[in-house]
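Numbering (our numbering), first residue to last: 245 to 325. Report on one structure; see the data block that follows.
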């Protein structure tokens with residue numbers, strides 16, 4: 245850093261990134277800006293909705309797989325013969 249102004253600018257950029265972009269584990273992996281803006285409940289609800297959908301998709305996939313088990317080699321050979 246060459247000047248005090250450059251140092252101050254870099255610090256300001258870091259603080260901006262830290263508060264506006266970086267997710268913080270201590271506040272539920274949201275940004276401090278979102279927390280201060282009162283968006284935490286909305287963000288958490290959206291995350292829970294996505295997780296619930298993903299869980300249901302996984303259940304449906306496992307159900308389909310259990311209803312249509314893959315054929316083993318011996319079963320395929322018997323069908324071909």
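All residues carry an ideal CB built from backbone N, CA and C; glycine is no exception.
By the beta-carbon neighbour count (other beta carbons within 10 angstroms, threshold 16), residue 247 is exposed. Here the alpha carbons of residue 311 and residue 275 stand approximately 44 Å from one another.
Residue 292 and residue 300 have their C-alpha atoms roughly 12 Å apart. For residue 268, DSSP records a beta bridge to 274. Residue range 284 to 311 is occupied by the alpha helix (DSSP H) that includes residue 302.
Residue state for residue 315 is assigned as coil, using DSSP reduced to three classes.
In the structure shown, residue 281 adopts coil according to DSSP, grouped into three states.
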